[in-house]
Structures are given as structure tokens and as C-alpha cells.
Amino acid sequence: GFVVQATITCYADDISTWKSQLRCHGKPVGNIVTCSAFVFSGGSPAKLLCFFDIMGVASIQFSQCNEYRRCYLLPAVTNVWRAEQQVLIDNLGGRPLRLAGDSRSDSPGYFDLYGTYSLLETGVNRFIYLELVKDVHAALHYNSGADWKICRTSGGDGKYALKFSRGWKQWTIVPVKEGTKFGMLHQQAPCVQEL
């Protein structure tokens, strides 16, 4: 990191130590703040660290930045998200909800090995659930020419089970609207299940 420490000894053998950064649980606060700026701004740590290097400015190493992100920042974000999510669920409890779900795993130009899955409560316009998952199932899209027959075996059994993993067990799903714009989506809806 970029911590400077000076130890000064005077003629009377008094020793004092000066540090350029405060420490939090043994970690330099400036390093944590620098990594936080990378993560929360969406910037590239590699580019900014290269910029610092070209200018001759001492800075945190890329590997340290990744360690701080993995060990401190992402767990902190996860804890805040879970606390906010719980407050939202508690406030919505006991009343009918209008939930809308979406998955982004089949858009043109999108790497479909991973997908984001979200669940929105449309009455308050807030996300209740959001997840990034590795998608190992074929992505079926209404523009791909898929129809109901593609989703069934020759015996009529479903080939795919659309899963919303780690969803909460107390949720009850009730359709708000009958008849969707795309027939295949309406026919596939009964295959949706919870892990």
C-alpha cells in the first residue's frame, strides 16, 4: 500500500511514531477508501493504478485491491443489501404484492453463461430480490423461434424447469394477468419452480 511511517528518536531517548494513514483493524484506512472508490464508482483499478505508477505516486497494489474488495467491501455491501431487503420485506408483509420478475441471460451480444435474475415489487417500485447466477440451462427467448413443442419431450414432459434459486420459501406466487403477449411464455409459466 502507500503507507509512510516515520519513527523519531530524540536525544532524551523519547520515541515517537508518525504514520501517514490511520489503521482500522490493522489495515490502512486510505487503502480501503481507495479500493472503495474503485468498486463504488465502477472504475477500473488497473487503469488508475497504472496512472499512479506513471506519475510516480505510491499506491496500493492491484492484488491488495482485489483482496480488500473480496474480504471487506463486497461482504459489507452484501450485509447492507440484506438488511435493507429485510426491512422492505417486513414493511410489505401481510398485504398482497404485485411481483414482476426478469432475467437477463438471452439478450443479443450478452454473454449468456451468467445471468441476472431480479424480482420487483411494482407497487413500491423496489427490488425485493436480485441474483447473479451461472446459467447452465438453454436460454429460451421469444424471438428465437422457440415454441411450446421445444419445451416438451415426445412424451409431453417438460424439458426445462425455470428455477429462481435462493428465493424465499414464504412467497406465494399468484398470477396477476391471464394471457400474455407471447403464447410460449404463458405456456411455460407452469414450469417455473423454486429450488
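Residue numbers (full-length UniProt numbering): 1 to 195. Even for Gly, the Cβ is constructed at its ideal location relative to N, Cα and C.
What does the alpha-carbon distance come out to for the pair residue i and residue j?
{"i": "I60", "j": "H25", "result": "17 Å"}
{"i": "G101", "j": "L88", "result": "17 Å"}
{"i": "Q5", "j": "C71", "result": "25 Å"}
{"i": "V29", "j": "R95", "result": "44 Å"}
{"i": "A46", "j": "K19", "result": "26 Å"}
{"i": "V124", "j": "A37", "result": "30 Å"}
{"i": "T130", "j": "T78", "result": "Per the sequence shown, residue 130 should be read as Leu rather than Thr. Taking the straight line from one Cα to the other gives about 11 Å."}
{"i": "L74", "j": "L97", "result": "30 Å"}
{"i": "S16", "j": "T7", "result": "6 Å"}
{"i": "S118", "j": "Q86", "result": "16 Å"}
{"i": "V33", "j": "G155", "result": "59 Å"}
For residue i, report the span of its beta strand (DSSP E) as first-last.
{"i": "A46", "result": "Run containing A46: none in the beta strand (DSSP E); it sits in the alpha helix (DSSP H), 45-55."}
{"i": "T9", "result": "5-9"}
{"i": "T17", "result": "15-19"}
Between residue i and residue j, which are expected to be in contact by the criterion C-beta below 8 Å, what is the C-beta distance as a whole number of angstroms?
{"i": "L99", "j": "L120", "result": "7 Å"}
{"i": "A58", "j": "F2", "result": "4 Å"}
Would you give the residue range spanned by the alpha helix (DSSP H) that residue i belongs to?
{"i": "I89", "result": "74-92"}
{"i": "I32", "result": "29-41"}
{"i": "Q64", "result": "62-68"}
Looking at the ligand SAM, does it come within less than 6 Å of residue i, judged from the CB to the closest heavy atom?
{"i": "D14", "result": "As for the ligand SAM, it is missing from this structure, which has no ligand bound."}
Exercise for the section: Could you tell me whether the segment 45-54 touches the segment 70-83, using the rule of 3 or more Cβ pairs below 8 Å? Expected result: no
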